[in-house]
Amino acid sequence: MDPAQFIQGRSRETEIRRDARGRWFNGADEISHPILARSFDGWVDRAEDGRFCLSNAINWAYVEIEGPAYFVKDVDLRPEGIVLLLSGDLREPLDASSLCQGPEGALWCAVREGRCPARFDNHAVSKMSDQICEDDDGVYVRIGDQTVRPPEVEDPLSLGLEKR
892 MDPAQFIQGR SRETEIRRDA RGRWFNGADE ISHPILARSF DGWVDRAEDG RFCLSNAINW
952 AYVEIEGPAY FVKDVDLRPE GIVLLLSGDL REPLDASSLC QGPEGALWCA VREGRCPARF
1012 DNHAVSKMSD QICEDDDGVY VRIGDQTVRP PEVEDPLSLG LEKR
């Protein structure tokens, strides 16, 4: 069956949501199956209209996301740069130009080809402790042979909206 025929007449709206702690729900019911939750974590993306969705090779549907679309769980520090380990077991190189600081001082970046915001968790930041420095001009991050000064942004959740 053609997938387009299967979804014809159906809505892409859902009651699926993820809270700021990373827990998935369908309406009031928590989605506790670990493989499904991990899959959902890796399928977060932005739809053409800028709303968050779950998107895989077969289909996509709108979801509500509280907090960042992705969490940077770990980092792989390499001489040529930093590789991020994201929620959903995704790996991708850090786009240093997307680094920023949220109002609370947390480190953020854009992932999924710049479409989605990701927040560094404590483990990832502590692993980068030798790369994160501060001087009279503020915080900077050493990545390979470059120095990046992540600007402070008011709303890091809007990272990626300009890519749509």
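What the sequence shown shows, in our numbering, is residues 892 to 1055, in sequence order. We put the beta carbon where it would ideally sit given N, CA and C, even for glycine.
Close-in-space but distant-in-sequence residues of the same chain around residue i (CB under 7 Å, 5 per side omitted)
| i | result |
| --- | --- |
| N917 | E906, I907 |
For residue j and residue i, the rounded distance between their alpha carbons
| i | j | result |
| --- | --- | --- |
| T1038 | R969 | 15 Å |
| G958 | L1048 | 7 Å |
| V1002 | G993 | 16 Å |
| S1017 | L1050 | 23 Å |
| R937 | D1027 | 37 Å |
| E995 | G913 | 19 Å |
| V1030 | D932 | 30 Å |
| M892 | E1043 | Residue placement at M892 is flagged as unreliable, the pLDDT there being 47, under the threshold of 50; the coordinate-derived value follows with that caveat. When rounded, the distance between both Cα atoms is 49 Å. |
Residue j beta carbon less than 7 Å from that of residue i
| i | j | result |
| --- | --- | --- |
| F962 | D910 | no |
| Y953 | R903 | yes |
| W934 | N950 | no |
DSSP state of residue i mapped onto helix, strand, coil
| i | result |
| --- | --- |
| V1016 | helix |
| S1049 | helix |
Which listed residue (the options) has its alpha carbon closest to that of residue i
| i | options | result |
| --- | --- | --- |
| A928 | H1014, W915, L990, D967 | W915 |
| L985 | S946, G996, P1041 | P1041 |
| R982 | L998, G996, C991, D965 | D965 |
| V978 | E921, G1029, E1043, P1008 | It should be pointed out that residue 978 corresponds to Ser in this sequence rather than to Val. Nearest option by C-alpha distance: P1008. |
| C991 | D932, M1019, V1032, R942 | V1032 |
| I926 | R1010, S1020, F943, D980 | D980 |
| A960 | C944, Q1022, D1021 | C944 |
| E1045 | A997, I922, E1025, S923 | A997 |
6 Å CB neighbourhood of residue i in its chain, flanking five on each side removed
| i | result |
| --- | --- |
| A987 | I1034, V1039 |
| Q1022 | V1032, R1033 |
8 Å CB neighbourhood of residue i in its chain, flanking five on each side removed
| i | result |
| --- | --- |
| L1052 | R937, G941 |
| E955 | I907, R908, R909, F943 |
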